[in-house]
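Residue numbers (this note's numbering): 19 to 306.
All C-beta atoms in this analysis are idealised placements derived from N, C-alpha and C, irrespective of residue type, glycine included.
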């Protein structure tokens with residue numbers, strides 16, 4: 019997410035921020051719905067209900083963070099209609115974002131915005147970068163799991179799978195094997211190379227693996243030789259595409275250990291509940 023785009027979205031979230039007389043910050047669910055890219059209340063309400071269940075599971079009082087209110091909206095010809103809404107603390111908003119549609123760009127931003135306990139743009143950007151890298155890593159993990167299943171069904175054992183992946187890495191990294199890339203990047207023994215790769219390289223590996231999965235299934239490829247040829251070609255094609263943009267994957271610097279980032283993020287998440295102000299009174303229903 020580009021810096022200018024982050025600033026624009028951040029400003030929208032800042033504008034939607036409300037404050038009680040007791041100086042407790044909150045957001046209305048109807049406002050948050052729009053900020054998170056939802057157009058229908060019934061769809062967004064599912065995320066709210068999942069967030070409420072998460073709150074209960076954590077042993078935290080739901081009423082401290084989710085307060086249901088009724089609002090009156092103006093209709094045509096002076097008519098009015100009552101609608102459901104919620105007043106949400108920062109923690110409630112965070113839980114909703116965590117239970118939202120992860121394909122939406124706004125969700126990743128919201129997870130960051132409500133987790134960092136500050137609205138400073140640079141901190142939000144750092145958190146977004148972590149989320150995007152983690153999502154890319156999870157997608158690669160799933161595509162490699164699928165490849166492992168595919169090739170096992172086609173006469174290749176675990177050792178063969180390791181060889182296929184390594185040959186693919188050689189094609190992607192300009193001749194460097196998986197082990198050589200680990201040494202080059204200083205990867206800890208026993209840890210996956212992908213845990214130390216930047217998001218771009220992880221995404222490149224995932225795309226090549228997904229292409230291999232598709233063609234293995236579509237062309238009914240069988241045996242280590244044919245599948246290796248396919249995987250090597252796909253990685254070579256991805257390398258050529260990156261090269262056309264002046265990018266050499268083997269020359270990109272290593273990224274921070276993704277497990278360390280995950281522990282840091284979990285620590286931040288825990289503080290969201292601990293530091294988030296809670297409602298001490300039930301507010302009066304208001305007109306929208």
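So the candidates are the options; which of them puts its Cα closest to the Cα of residue i?
| i | options | result |
| --- | --- | --- |
| residue 226 | 118, 189, 206, 99 | 189 |
| residue 99 | 106, 108, 89 | 89 |
| residue 66 | 47, 82, 81 | 47 |
| residue 41 | 25, 97, 107 | 107 |
| residue 60 | 72, 102, 81, 202 | 102 |
| residue 124 | 280, 228, 26, 169 | 26 |
| residue 267 | 242, 161, 199 | 199 |
| residue 111 | 24, 64, 169, 50 | 50 |
| residue 158 | 219, 24, 255 | 219 |
| residue 171 | 182, 241, 216 | 241 |
| residue 269 | 202, 22, 85, 169 | 202 |
Please report how far the alpha carbon of residue i lies from the alpha carbon of residue j, in whole angstroms.
| i | j | result |
| --- | --- | --- |
| residue 321 | residue 273 | No answer is possible for residue 321: the residues shown for the chain start at 19 and end at 306. |
| residue 165 | residue 235 | 10 Å |
| residue 145 | residue 130 | 5 Å |
| residue 382 | residue 180 | Past the edges of the chain, shown from 19 to 306, lies residue 382, and the structure says nothing about it. |
| residue 36 | residue 109 | 14 Å |
| residue 28 | residue 122 | 15 Å |
| residue 257 | residue 184 | 15 Å |
| residue 271 | residue 167 | 32 Å |
| residue 151 | residue 93 | 45 Å |
| residue 44 | residue 173 | 57 Å |
| residue 224 | residue 162 | 8 Å |
| residue 260 | residue 80 | 49 Å |
| residue 31 | residue 228 | 36 Å |
| residue 210 | residue 248 | 22 Å |
| residue 263 | residue 196 | 23 Å |
| residue 154 | residue 97 | 49 Å |
| residue 11 | residue 214 | Nothing in the structure corresponds to residue 11, since the chain is present only between 19 and 306. |
| residue 255 | residue 191 | 12 Å |
| residue 24 | residue 132 | 14 Å |
| residue 204 | residue 279 | 17 Å |
| residue 83 | residue 105 | 8 Å |
| residue 276 | residue 237 | 35 Å |
| residue 308 | residue 194 | Coverage of the chain is limited to positions 19 through 306, which leaves residue 308 absent and any answer about it impossible. |
| residue 71 | residue 282 | 24 Å |
| residue 86 | residue 239 | 56 Å |
| residue 169 | residue 160 | 14 Å |
| residue 217 | residue 265 | 13 Å |
| residue 62 | residue 127 | 17 Å |
| residue 285 | residue 22 | 28 Å |
| residue 233 | residue 64 | 37 Å |
| residue 68 | residue 208 | 37 Å |
Quick one: is residue i buried, meaning 16 or more other Cβ sit within 10 Å of its Cβ, or exposed?
| i | result |
| --- | --- |
| residue 52 | exposed |
| residue 39 | exposed |
| residue 186 | buried |
| residue 246 | buried |
| residue 250 | buried |
| residue 221 | buried |
| residue 206 | exposed |
| residue 175 | exposed |
| residue 243 | exposed |
| residue 231 | buried |
| residue 33 | exposed |
| residue 212 | buried |
| residue 177 | exposed |
| residue 304 | Confidence is the limiting factor: at residue 304 the pLDDT is only 48, short of 50, which leaves the residue's position unreliable, though a coordinate-based value still follows. Exposed, by the Cβ-count rule. |
Within the present structure, is the beta-carbon of residue i separated from the nearest heavy atom of the ligand NAD by less than 8 Å?
| i | result |
| --- | --- |
| residue 25 | In the structure shown, the ligand NAD is absent, as is every other ligand, since no ligand is present at all. |
- Query: Is the number of C-beta pairs between the segment 52–65 and the segment 110–123 that are closer than 8 Å three or more?
  - Reply: Using a C-beta cut-off of 8 Å, the segment 52–65 makes contact with the segment 110–123, since at least three inter-stretch Cβ pairs fall below that distance.
- Item | Length at least 4, wholly inside the segment 215–264: the alpha helix (DSSP H) runs in chain order | The segment 215–264 contains these whole alpha helix (DSSP H) runs: 217–236, 242–262.
- Message: If we require 3 or more residues per run, which beta strand (DSSP E) segments fall completely within the segment 32–118?
- Response: Correct list: 43–46, 84–92, 98–106.
- Task: Determine contact between the segment 146–157 and the segment 75–82, defined as no fewer than three beta-carbon pairs at a distance below 8 Å.
- Result: Counting Cβ pairs under 8 Å, fewer than three are found: no touch.
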